[in-house]
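Encoded as structure tokens, the structure appears first; notes follow it.
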Amino acid sequence: MKRLSFCIFLLVAIVSIRSSAQERNVVAEKVGSHIDVTIDGGFFTSYRFEDDEKYPYFFPVNGPASGGSVTSMRNSLYPHHTSLWFGCDLVNGGNYWQEGLDRGRIVSIGARVLESGGSRAVIEDECIWKRPDAVSPVRDRRIITISAPSEDYFQIDFNIEVEMLTDVTVLKTNHSLFSARIDEGLSVREGGVMINSEGAEGEEGTFGVPSPWIDCYGSRGRSGVEGIAIMQHPSNARYPSKWFTRNYGFISPTPLWWPDDGNSTKFSKGDVISLKYRVIVHKGTAGEAGIAVLFNKYSEEK
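Residue numbers 1296 to 1597, in this note's numbering, belong to the letters of the sequence shown in order.
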């Protein structure tokens, strides 16, 4: 009788686990010039590529605890900080980061949903970097995979191949590559924590320091603690890149502020640079969310 009861309990547990996994449904839907992503029916993020924007970006990026965005969109001091994005300044005389569309734009020419429903959604995009009366220096191809491995964290994998369409010179710039503008309430300036994989904290401990990941987290009131981490994959060139960080809420792993020759980074026509980043949007502190463990798993993926 006891054995029968245990078998019934085990069967119920297995069904419950399977049902829970089936209920976690990640859906991406293209609506005009953006792709909206929901997780179990709740809105998570939107990949936006409007014609009047500087570049494609994600906003909002909603946390699993509060349902509010862990990133922020621009302000009067930093109108070129757009939530979560990829771009670069000082590329062959063009600007593919700061405001002013005539200075350069990263234009989406093929955003589409490859997978939707089930455990993940996959978005593909191709972008041309262009500005008036100039040869386009770069074309990039992006594969964005969004998943929810746990009810405690959501995940964005951002994989990008950057192809040089001509010889390219990028002058020393801090405005470069994958970046996040953190919601002000999570910033160090407002009492939040910025911490890297070595345990160093704040701008003072993380600026210019090579590290596989940085996490930013803070209180969301009654919702508890929530945060966002960016991880660099070990396959990236110049891994681990040094980080450009600010206590007001900005993180970006970039080697382009520390170029090899001190002044610029050069690429030849036909060069293709592959970069991979993982974003973890999570409940709790970095320790409670197991960011170090999650990175170790990520580092083992090809």
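Built from N, CA and C at the ideal position, the CB exists for glycine as well.
With fewer than 16 other CB atoms across the displayed protein chains lying within 10 angstroms of its CB, Ser1569 is exposed.
Contact between the stretch 1360-1374 and the stretch 1384-1392 is absent, with fewer than three C-beta pairs closer than 8 Å. At least 8 Å separates the beta-carbon of Ser1378 from that of Phe1344. Contact check for Arg1436 against Ile1455 passes: the beta carbons are separated by less than 8 Å. Annotated three-state conformation of Lys1592 is helix, per DSSP. With distances taken between CA atoms, Thr1464 lies nearest to Pro1554 out of Tyr1342, Ser1414, Pro1554. Per the C-alpha coordinates, the member of Ser1403, Pro1432, Ile1441 positioned closest to Gly1412 is Ile1441.
Taking a contact as a CB-CB distance under 8 Å, the pair Ile1401 and Tyr1350 counts as one, their CB atoms being some 4 Å apart. The beta strand (DSSP E) runs of length 3 or more contained entirely in the stretch 1453-1507 are, from start to end of the chain, 1463-1466, 1471-1476, 1488-1491. Secondary-structure assignment with DSSP links Gln1527 through a beta bridge to Tyr1572. If you look at Ala1323, you'll find it in the beta strand (DSSP E) that goes 1321-1326. Excluding its 5 nearest sequence neighbours in each direction, Ser1431 has C-beta neighbours in its own chain below 7 Å: Ile1423, Trp1424, Lys1425, Leu1460, listed in chain order. Considering only Ile1451, Asp1452, Asp1462, Pro1444, the residue with the shortest C-alpha distance to Ala1429 is Asp1462.
Secondary structure at Ser1518: helix, using DSSP grouped into helix, strand and coil.
Nearest C-alpha to Asn1469 among Ala1581, Pro1548, Ala1532: Pro1548.
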